[in-house]
Amino acid sequence: MRASSNPLRDMKPGKVLDDPTRIRPDAALAQEVLPAFQKVVRARRAIRVFDGAPIPDEVMRDCLADALLAPSASNLQTYELYWVRDAARRDAMVPLCLDQPPAQSAGEMVVVVSRVDLWARNLAMLKNQITKDGTQPLEGPLAEYYDRIVPMLMRTDAFGVQNLIRRVAFWLRGLRGATVRGPVSRADHRIYGHIQSTLAAQTLMLSLAAHGYDSCPMTGIDSKGIGQVLGLPASAEVTMVIAAGRGMPEGLYGKRLRLPFDALVREI
């Protein structure tokens, strides 16, 4: 970022960003939905045995649409959700999920994939929506952010030159004040991508619970083999596989256990 410009600070609501259809979180909304939301959060458990019955298409599509509403850095949505419907691929997925009971018995399977490699495509699509197919210009901090800052943060090359440039630039800016400190490595971009895909995954599982279905996220998987089954490029990375469907009573392996509140939450 230029020393004289901070789009994260200077960006203000405007005509392009205003959304009159937004449902605002306020006291009235809390009174209406809070008890139901808390029930959904508590109902979502990792269920490891399903009855095998498929989830209706319209329900799955609704849940997947909800997942796309998950928060995403810069709104780039650098992930893909693969709803595995082909029987041959489903069969091939089971051993790649290490024959776990959720994979064997699920009614549906969704592979959550990090696609940081698609950032430029997604940015172009996003700008096209904001500018209404190019009929409205990007101006001010919004233009600064999407035309310069985002490409500067996301651009990479085979020799790591862009990462080196960012590392030096962030270090110099840090001498003058607060600044972002990454990404400055391929690992940083990988972490970024899996954060985005995991946010979508959690939203999907909450939506499944709200629709009356159980789920189980699986990360103990052969991600390379799954990528081959899906035909993914080497630049894509599988984050997890979500098994979903009607859970069986024996699919809940134990009571919910969580560490104490004070062990994880710090009030400072």
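All residue numbers for the sequence shown refer to my numbering, where the first residue is 719 and numbers rise by one.
Backbone N, C-alpha and C define an ideal beta-carbon position, used for all residues, glycine too.
Limits of the unbroken beta strand (DSSP E) element including P935: 932-936
Would you identify the three-state DSSP class for F888, choosing helix, strand or coil? helix
Assuming L970 contacts R763 (C-beta within less than 8 Å), just tell me the rounded distance between them. 6 Å
Please report the straight-line C-alpha distance between M936 and V956, rounded to a whole angstrom. Each residue's alpha carbon lies about 11 Å from the other.
Going residue by residue through the segment 731-775, where are the continuous alpha helix (DSSP H) segments of at least 4 residues, counting only ones entirely within it? 745-761
Would you mind listing the alpha helix (DSSP H) stretches within the segment 803-833 that are 4+ residues and don't spill past its ends, in chain order? 805-814, 819-823
With H, G and I counted as helix, E and B as strand and the rest as coil, what does DSSP make of Y863? For Y863, the secondary structure class from DSSP, reduced to helix, strand or coil, is helix.
If you draw a straight line from the alpha carbon of L950 to that of N881, how long is it in whole angstroms? 25 Å
Shorter than 8 Å from the beta carbon of W801 to some beta carbon of chain D? The chain inventory of the structure shown lacks chain D, comprising one protein chain alone.
I765 classed as buried or exposed, judged by whether at least 16 other C-beta atoms fall within 10 angstroms: Buried, since its Cβ has 16 or more Cβ neighbours within 10 Å.
Which of the three DSSP states is assigned to M778 in this structure? Taken through DSSP and simplified to helix, strand or coil, M778 comes out as helix.
The alpha helix (DSSP H) enclosing T916, as first and last residue numbers: From DSSP, the alpha helix (DSSP H) with T916 extends over 904-928.
Alpha carbon to alpha carbon, what distance is there between A896 and A745? If you take the alpha carbons of A745 and A896, they lie about 35 Å apart.
Is the beta carbon of V831 less than 8 Å from the beta carbon of Y800? yes
So, with DSSP's three-state summary, where would you put E857? coil
So, is V983 buried or exposed, given that buried needs 16 or more other C-beta atoms within 10 angstroms? Result: exposed.
Tell me, please, which residues DSSP counts as bridged to Y995. Nothing can be reported for residue 995: it is not among the residues displayed for the chain, which extend from 719 to 986.
Using a threshold of 8 Å, state whether the C-beta atoms of I773 and G965 are closer than that. no
Note down the Cα distance separating L977 from C815, rounded to an integer number of angstroms. Those two C-alpha atoms are separated by around 28 Å.
From the DSSP secondary-structure annotation, give me the bridge partner or partners of V956. V831
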